[in-house]
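Numbering (the working numbering), first residue to last: 858 to 1210.
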């Protein structure tokens, strides 16, 4: 009996310790969330679900001065919402822009399982982008906004600016994707050069199917990029990812559960469809607004060489290309400070034009 009593005391002690740690963690998290959820004096910090094209889609609006121009940030993917971390880098632009972050349809905080059977099309995305832009213009009483898109967001944003130039002040593409099929073909050619003389690596590269992309193709692509040092982020993020996730002011426990249970099948179908290929920018070079590109000089996820070639073809009232040294595809996270400096330069340029 004494032995059983002793074991029970130990178990109670362990349970109490765990409970105290959980309460402490939740308390610290609540304090951190409250700090990051503050609204800047004279600025804005609002989150909401907006009715867009028959669905509810989540946005956050954050800025230090409501008189600043508005910037809509388009995340990559498609379907790779960044609301779980993006406040860590987008708020670095909030002194010169009122920044709108958006979880695109059926991903991140906009995920709705009832939409899983919806076939994703170019028309659907273009209507989403147009309707959200119109909402932002009215809600913030602006005549035009700036678009900043990363990766998929860059090719998406470029299409929006080309189609509806009257809504936009300028376009900023980061990790610029130009043509989906050409991008995958170029990657295989690069990988064949890297693998020269390495039979095992060549066998891996030959598993790539750029003309018929599948989930397996992208899995192999990721392995190759990691093998040769061209993976998403160089030496990780330059901010604390764990703290960013824990103190995220926009995420509840329910949001995290939803985030971890997103069904990506509709996006996987879209990614390998003609609808995605139709976003190609080949031959679409006449912009009515200033055109900016920010690319990593080691980005092979979206090939920086193809982006540079496209930039040379672009005709715009003004254009500028920034190449970030030693950066791969995740340049917003790997060097968020350097990226922010470029955004500030662009804001200054636009203000003086």
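Each residue gets a CB set at the ideal place from its N, CA and C atoms; glycine is no exception.
Euclidean distance between Cα positions of residue i and residue j
i	j	result
residue 1036	residue 1147	21 Å
residue 982	residue 1057	41 Å
residue 1196	residue 1130	32 Å
residue 1034	residue 1115	29 Å
residue 1158	residue 1138	17 Å
residue 923	residue 998	10 Å
residue 1024	residue 1084	43 Å
residue 985	residue 1014	12 Å
residue 989	residue 1055	49 Å
residue 965	residue 937	8 Å
residue 1098	residue 941	10 Å
residue 1038	residue 1062	17 Å
residue 912	residue 1005	23 Å
residue 1121	residue 1010	17 Å
residue 1021	residue 906	23 Å
residue 1104	residue 1140	44 Å
residue 994	residue 1048	44 Å
residue 1145	residue 1030	15 Å
residue 901	residue 955	8 Å
Endpoints, alpha helix (DSSP H) assigned at residue i
i	result
residue 950	Note, residue 950: premise wrong, no alpha helix (DSSP H); not H, not E.
residue 987	979 to 996
residue 1010	1009 to 1020
residue 1037	1037 to 1051
residue 929	Residue 929 -> not in any alpha helix (DSSP H); beta strand (DSSP E) instead, spanning 927 to 931.
residue 1133	1131 to 1134
residue 1061	1056 to 1062
Helix, strand or coil at residue i according to DSSP, with G and I counted as helix
i	result
residue 1084	helix
residue 970	helix
residue 1206	helix
residue 1117	helix
residue 1026	strand
residue 918	strand
residue 1112	helix
residue 1165	helix
residue 942	coil
residue 1188	helix
residue 850	The structure shown does not extend to residue 850, since the chain is modelled only from 858 through 1210, so no value can be given for it.
residue 999	coil
residue 936	coil
Element boundaries [beta strand (DSSP E), containing residue i]
i	result
residue 1177	1176 to 1181
residue 1275	The structure shown has nothing for residue 1275, since the chain only spans 858 to 1210.
residue 1152	1148 to 1153
residue 1099	Not the beta strand (DSSP E): residue 1099 falls in the alpha helix (DSSP H), residues 1098 to 1103.
residue 904	901 to 909
residue 956	955 to 959
Beta-carbon proximity list for residue i, same chain, < 6 Å, skipping 5 on both sides
i	result
residue 958	917, 930, 943 and 947
residue 1143	1172
residue 939	932
residue 1178	1150 and 1168
Own chain partners of residue i with C-beta closer than 7 Å, once the 5 adjacent residues on each side are dropped
i	result
residue 1201	953
residue 1059	1052
residue 1077	1061, 1064 and 1065
The ligand ZN heavy atom lying under 6 Å from the CB of residue i
i	result
residue 1168	Although the ligand ZN was asked about, the structure shown includes no ligands whatsoever.
Cutoff 8 Å; reference residue i; Cβ partners in own chain excluding five residues on either side
i	result
residue 991	1024
residue 1079	1088
Touching or not, the region 1157 to 1165 and the region 966 to 976, by the rule of three or more beta carbon pairs under 8 Å?
-> no
* Do the region 1200 to 1208 and the region 1092 to 1112 meet, that is, are 3 or more Cβ pairs less than 8 Å apart? -> no
| query | Is there contact between the region 1053 to 1069 and the region 1167 to 1176, where contact requires at least three CB pairs shorter than 8 Å? | reply | no
**Message:** Pairs of beta-carbons, one from the region 1180 to 1195 and one from the region 1153 to 1160, closer than 8 Å: are there three or more?
**Reply:** yes
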